[in-house]
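The sequence shown runs 2 to 411 under this note's numbering. Presented below is the structure to which this report refers.
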Amino acid sequence: MNKETIQTLKKCSQEQMIEYLPYLTEEEQNEIEKQIQEVDFEQLKQLYKLAKQEQHVEEKTIERISYVDKAKLENSQRAKLEEIGKNIIHNGKYAVITMAGGQGTRLGHSGPKGTYCLDTIKGPKYLFEIVVDTLKRASQDYQITLPWYIMTSKENHQDTIRFLEEKEYFGYDKNKVKFFMQGELPLLNTNGQIILDKDKKIKKAANGNGGIYEAIESNGILEELKKQDIEWIFINSMDNVLCNFVDPLLIGLTIAQNHKIASKSVAKAEPKERAGVFCKMNGKPKVIEYTELPDEMAEERDENGELVYGELHIMLNLFHRSILEDLADVKLPYHVAFKKSGYLNEKGQYIEPEEPNVYKFEAFIFDAFTRYDDMTILRVKREEEFAPVKNRTGVDSPETATALYNARYQ
């Protein structure tokens, strides 16, 4: 490692990296040196300060947000809105981006989360296959093969491509599928120091779903959307097995309301449900994470007994391309999570901690909403459109998701 790199480490209070050198080969040192040159240490300094700050929400700035309940729309109104959306899809103005950067660790699964398999009434179904089923239905309904973009992470990129190649994209046109990777940020220990992983490289983690705006620009996806004259792009996570991401009603409603961003919501099951909720903050649309919403606000009800802050954000988001163009260079705020993570100690030994030991930093896709005056929110039924696979057992597990999937397609 050259003197200039060592000076950089000392200047940025990262001297612990120097202690690893006796345990690294020359090749490993060269690899780390390349990584160090790519690190924005000033950004890490600010992120560490963020980790140490007490987070709070100013209650007085928050108010309820308006939404349209799909179940309460009249048939004629619904048909009119759907016709608007159908024309957009049929005329090739629509594309889908699936966020699939996660691993199936919480499910006890080794590999990309999309390769997890559920035992459904239709037989074994991989999560990726369920997404493709929806795409193929759209192909039949609209006589068009939609462009499908898959955002992976560095951790699962090659495995994801290999899996879909082996499965021959479950019968979808591979020429309409494109992969791209989201960004990463180093993990920091409680002293604000970067750590090494067992492969003797700086340990990083994906920078959150909010990194998608920058990723579609830096990977050329945005330019491709422009060339294809795609106007509307649906962005969703891939672990919701009831995800209806080709929905002409949502498109039509958004256009009719003269908005350029839309999301679907479901009514909160109970006040403490662990998910972010929509609101207006300082007059702008916002999603507040459940960890940031004070108890008294989470439990507040209106005169009809409904939760005032009861519209869950379920990661079903629609954007006009102009919004994605606007957000390409925007730096969203980062949120901090305190996690457990294995690391190499100063003697080159790999340690698996028993308690949380590192800060992970993520940007959230919905933090971009506050840049705009308003957006469309369409409330849908949970049993029809929201069955996530997140936990190994209990709520939002393969068992609950499979039951909802089976009930929907029985």
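Glycine included, every Cβ here is placed at the ideal spot set by N, Cα and C. Bear in mind that the values here come from a model prediction, so they are computed numbers and not experimental data.
DSSP-derived helix/strand/coil call for residue i
| i | result |
| --- | --- |
| S67 | coil |
| F246 | coil |
| H110 | coil |
| P286 | strand |
| T191 | coil |
| S219 | helix |
| I7 | helix |
| N176 | helix |
| F387 | coil |
| E34 | helix |
| I252 | helix |
| G1 | Residue 1 lies beyond the residue range present for the chain, which begins at 2 and ends at 411; the question has no answer from this structure. |
| R409 | helix |
| R372 | helix |
| I366 | helix |
| L379 | strand |
| Y170 | helix |
| T292 | coil |
| L333 | coil |
| N241 | strand |
Residue burial classification, residue i (beta-carbon count within 10 angstroms, cutoff 16)
| i | result |
| --- | --- |
| P125 | exposed |
| Y117 | buried |
| S1 | An answer regarding residue 1 cannot be provided, because it is not within the stretch 2 to 411 covered by the chain. |
| A80 | exposed |
| E232 | buried |
| K334 | For the record, residue 334 in the displayed sequence is Pro; it is not Lys. Answer is exposed; the Cβ neighbour count stays below 16. |
| A96 | buried |
| Y351 | exposed |
| S77 | exposed |
| S264 | buried |
| P113 | buried |
| D389 | Inspection of the sequence shows that residue 389 is occupied by Pro rather than by Asp. P389 should be labelled buried. |
| E386 | buried |
| K175 | exposed |
| P187 | buried |
| V331 | exposed |
Endpoints, beta strand (DSSP E) assigned at residue i
| i | result |
| --- | --- |
| F320 | 312 to 321 |
| T26 | Per DSSP, T26 belongs to no beta strand (DSSP E) and is neither H nor E. |
| T121 | 118 to 121 |
| S264 | 262 to 268 |
| V309 | Here V309 belongs to no beta strand (DSSP E), and DSSP marks it neither H nor E. |
| S238 | 233 to 238 |
| K341 | Careful: K341 lies outside any beta strand (DSSP E) and carries neither H nor E. |
| M100 | 95 to 100 |
| A1 | Look at the range of the chain in this structure, 2 to 411, and you will see that residue 1 is not part of it. |
Own chain, CB closer than 8 Å to residue i, minus 5 neighbours either side, in chain order
| i | result |
| --- | --- |
| E274 | Y291, L313 |
| Y49 | L189, G193, Y360 |
| T135 | C244, N245, F246, V247 |
| G93 | I145, Q229, D230, I231 |
| E400 | T394 |
Unbroken alpha helix (DSSP H) run spanning residue i, endpoints
| i | result |
| --- | --- |
| L128 | 128 to 143 |
| G148 | Just to set this straight, residue 148 is Pro in the shown sequence, not Gly. No alpha helix (DSSP H) holds P148; DSSP gives it neither H nor E. |
| L298 | For clarity, residue 298 is Met in the given sequence; the question names Leu instead. Segment 296 to 299, the alpha helix (DSSP H) holding M298. |
| L48 | 42 to 53 |
| S77 | 76 to 91 |
| I162 | 158 to 167 |
| R393 | Taken as a continuous stretch (DSSP letters only), R393 belongs to no alpha helix (DSSP H), as it is neither H nor E. |
Rounded C-alpha distance that separates residue i from residue j
| i | j | result |
| --- | --- | --- |
| P148 | G102 | 19 Å |
| I1 | G212 | Given a span of 2 to 411 for the chain in the structure shown, any question on residue 1 remains unanswerable. |
| E353 | S342 | 7 Å |
| F181 | N237 | 15 Å |
| I98 | K179 | 9 Å |
| E297 | S219 | 42 Å |
| K202 | N305 | 56 Å |
| D368 | T161 | 28 Å |
| L317 | V337 | 23 Å |
| A404 | T121 | 8 Å |
| I37 | R383 | 46 Å |
| I289 | L223 | 28 Å |
| V381 | R409 | 14 Å |
| D375 | E75 | 24 Å |
| S67 | I89 | 25 Å |
| K177 | E166 | 13 Å |
| R107 | D397 | 11 Å |
| C280 | Y170 | 39 Å |
| L25 | G277 | 44 Å |
Contacts around residue i, its chain only, beta-carbon distance under 7 Å, and the 5 residues preceding and following it disregarded
| i | result |
| --- | --- |
| L82 | L250, G253, L254, A257 |
| Q183 | G102, M152, S154, A207, N208, G212, I213, A216 |
| I324 | K261, I262 |
| T339 | The sequence shown places Phe at residue 339, rather than the Thr named in the question. If we look at F339 and ignore the five residues flanking it on each side, its Cβ neighbours are P357, Y360. |
| I234 | A96, I98, L226, F320, R322, L325 |
| C13 | F42 |
6 Å Cβ shell around residue i - same chain, five flanking residues per side excluded
| i | result |
| --- | --- |
| E115 | The residue asked about is misnamed: residue 115 is Gly in this sequence, not Glu. Closer than 6 Å at the Cβ level, and outside the excluded window around G115, lie A101, L128, F129, M239. |
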